[in-house]
Amino acid sequence: MNATESNVNESVSGAEETEKTASRTPEGLILAEITNTVTQFTVEDILQRLKAFAQNLKQPTRSSGAQTANNALPTVGIIGMGRCGTNIAIDLANLVYEQRKIGIKELSRRARATAKRPADKPSQSGQTGAGNGKASAPSFWERLFGQKSNHDQVFLVDPVILTADLDGDTTQRIKVANPTLTQGTLRFGITELDWLNRGGAGNIPVVGHYLATLALLADAKPETPWARHRSYLVDSSGLAANASRLFFYLFSAGGGSGSGMAPVFGRAQQQARMINVKRQRPTGQSTREYTEALCSVGVAVLPDILRTAHSQHYNAGRLLCEYLASLNRFEQSFDPATGMPLPTFSCLLLVSNTVVHHALGERFSSEIYAVKAEQLANKYVARQLFNLLTAQALVEDYRITDPKVIPAMNAAGISLDDTTKLDINDLENSLSGTAVIGYGEQFGHEDFGQLFLRAVSPASYNSDKEVFEGISLLPNKFEEYQATIETCRKNSSIEPLRDFALFGKALSVVAIVSAPRSELFEQYNLRKVHENIESLFPNATIKRYALILGASENCSLTLIISGSACLVPDALFAIRNYVFGCFVADNRQQERFTQVFNQLMSNPVFEPGELAAMMRDKESLDPIIVGMGSQGAWRRRKQELELRAQSLNPRNVPNSAPPVIVEDVLLSKQEVIDALEYIHRVSSFHRPVTV
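Take any residue in the sequence shown, count from 1 to its spot, add 309: that is its number in the numbering used here.
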């Protein structure tokens, strides 16, 4: 390695600072390892591995020139973790592939039409932009596939899609079920973890958490596939050469591999970005290698509250506590000098399998239910992510291609300042905390008021159109919420919905309206969306709008409601049961615990003393490992994991001991208290009044 003197100095100072501030906790060790990896190598070394990653992604066969250009990474990365996460990632990849074929056909049709069109007059040939740009106005698909100038390429519809699972058969399963993905149709890759573990996590998130920690502590040799994937996900985070700015981590909250690994990788990515920010030149002048904004969104599928085993609810509660605790510490204690602490994700989107249960009803037998419900939930998530990918480059394109849109939006009361594209800084401000998705699709000439109501209604499945609509997490018990929706429908008013915390306490909302290119958007429809958002979200300080033309066959509305999802019954059910099952020392105190828990969350002042007195210092895995049959089986599993950790021989760790033991990654009482404090603060928040 040919490191420059400045890089050596950076390495030494960075290592010294880390040794002083980082404890021997897993998070401290990971931070030290990331600091070492990022600062001991020149930027060129990291970028070399990043280039190798881009070249190894599965891509279509093209000419050498096009292939070189195609090595540029897109702005979005999708990472599916665990079985559920990989399945969603595959569904999204297939959806992108199908939509891509539609886009290519549209580009071909447009090219043929242009070829048949008479040549422009010389006086008009140089006119572009707002002056007289209709002849050269880029279509939606041209914008998505970068058919404009090289410096204005947009890749959002063609993201990097990675899958990572601790099960050893992941690669073979994907090859058998989706051969097109492994034959080079998309930027699709498999993050191989068989060198780390050949078995799954056994539905125990602590195992996934522990193995992800080991993966980051292991010495990643530059020539290995893991080193290349790690360079993309972690080491180059925020560097200008890594164009990926928006990351989605997809996983099941009730599982072991995904819910255990995703938060660890998410936090490591955030830490690496902060290290790269601090690595700017001493003069304070940023060079072209350094550093760009980054937004990471976790997408967690919660277990069905009606049908799922207790252990999966404990797992979901653990995931929520871990995320909310990191968010609370970030908001309360972030230190600009150290760039710490950081949250695991910028935002956590929640999708509940309970809504799928109610949407399917009794139409499927119990044998078919689980498989069908999971497939529909996965497709629902994939569709909403695709809508997010296409919500981009709005105002600039409208000025050229749709001159009537801006006046229509102004007439509807929507300021251009409130319209958004997938600008990462804006997204990071607009998406925060726990969030839900609402989706409705228009058939015929349906009133947009009804479309809006259907987007926030309990989920429903239109088998004729194969469309899954509704909200991803119920604001209240199904029967009560369904009755409220019926009242709203009869009275043509959404006013009663404001009483639900999900809407009334939301901190921000993003509305994405999608329509065919041929659709003539009425000002009334846009105005109705604007009016409903102003009415339904009185507490939201950020409200953003996006209008997409030409990306769908029907009009649709997507709502992303941020900040308040942790207040809904499904989320609180998982958290409350996790705390009781894994932290309360005496399970005979169920009634007293429920009373203390509810009182703590409803009191105007957060005083956790009585609840803390009932809790252990560390979580107990007894309710989760019950499926293993005995404590002896779990102790044997722990020994195997720690022996594996010792054999990986991370840097700066004596060979005689593993770098961390399993008990090190257990959640603490304080983390649970931090999570509950965050929920209490969101519940108590009121939008500042204007004076």
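Virtual Cβ for every residue (Gly too), placed ideally from N, Cα, C.
Residue i, DSSP secondary structure in three states
i	result
Arg735	The question names Arg, yet the displayed sequence has Asp at residue 735. Of the three classes helix, strand and coil, the one that applies to Asp735 here is helix, per DSSP.
Asn551	coil
Lys852	strand
Asn771	strand
Ala744	strand
Ile803	coil
Gly389	strand
Glu919	helix
Gly564	coil
Val991	helix
Cys604	strand
Gly749	strand
Cys656	strand
Gly438	Reliability of the predicted coordinates at Gly438 is poor, the pLDDT of 37 falling under 50, and the value obtained from them is presented with this limitation in mind. Helix at Gly438.
Asp706	Summary for Asp706: the model assigns pLDDT 44, below 50, so the residue's position carries little reliability; its value from the coordinates is reported in the next sentence. Asp706 falls in the helix class under three-state DSSP.
Glu972	helix
Val926	Position check: residue 926 holds Asp in this sequence, whereas Val was assumed. Asp926: coil per DSSP, three-state reduction.
Asp879	helix
Thr472	strand
Where residue i falls, given that 16 or more other Cβ within 10 Å makes a residue buried
i	result
Phe643	exposed
Asn907	exposed
Gly941	exposed
Gly508	exposed
Arg944	exposed
Pro383	buried
Gly918	exposed
Pro488	exposed
Ser545	buried
Ala527	buried
Thr850	exposed
Asn626	The question names Asn, yet the displayed sequence has Gly at residue 626. Answer is buried; the Cβ neighbour count reaches 16.
Ala894	exposed
Ala521	buried
When the options are compared against residue i, the one with the closest alpha-carbon
i	options	result
Val877	Val888, Glu336, His995, Leu811	Leu811
Tyr558	Asn662, Lys425, Ile397, Leu651	Ile397
Ser844	Glu804, Cys875, Ala874	Glu804
Phe308	Asn487, Gly391, Val981, Val543	For residue 308 there is no data in the structure shown, the boundaries of the chain being 310 and 1000.
Asp735	Lys852, Asn662, Pro531	Lys852
Gly563	Gln580, Gly547, Ala510	Ala510
Val974	Pro514, Leu505, Asp983	Pro514
Thr472	Gly389, Val405, Ala550	Gly389
Ser620	Ala634, Gly565, Gly749	Gly565
Val981	Phe556, Asn886, Ala527, Ser956	Asn886
Asn738	Met583, Gly747, Asn506, Val606	Val606
Phe362	Glu342, Arg482, Glu532, Val352	Glu532
Leu930	Ile499, Asp474, His622	His622
Lys688	Ile399, Val352, Arg996	Ile399
Arg798	Leu782, Val818, Gln759	Gln759
Leu636	Arg692, Val991, His995	Val991
Leu694	Gly337, Gly386, Gln955	Gly386
Pro534	His754, Asp926, Val888, Asn365	Asn365
Whole-number beta carbon distance between residue j and residue i, since they are thought to touch under 8 Å
i	j	result
Met924	Lys978	5 Å
Leu502	Ile470	With 8 Å as the limit, Leu502 and Ile470 do not qualify as a contact, their Cβ atoms being about 17 Å apart.
Pro847	Gly813	6 Å
Ala550	Leu356	5 Å
Asn585	Leu555	Not quite, the Cβ-Cβ distance comes to about 17 Å (not below 8 Å), so this is no contact.
Phe761	Asn841	5 Å
Thr653	Gly569	Not quite, the Cβ-Cβ distance comes to about 12 Å (not below 8 Å), so this is no contact.
Leu523	Leu957	6 Å
Residue j beta carbon less than 8 Å from that of residue i
i	j	result
Leu659	Ala577	no
Ala764	Leu868	yes
Ala883	Leu629	yes
Ala820	Ser871	no
Gly394	Gly567	yes
Leu525	Ile339	yes
Pro932	Glu951	no
Phe639	Leu657	no
Pro572	Val969	no
Ala874	Val664	no
Arg588	Val347	yes
Ser661	Ser741	no
Phe915	Glu986	yes
Leu633	Ile988	yes
Any chain B beta carbon closer than 8 Å to residue i
i	result
Leu502	The structure shown has no chain B; it contains just one protein chain.
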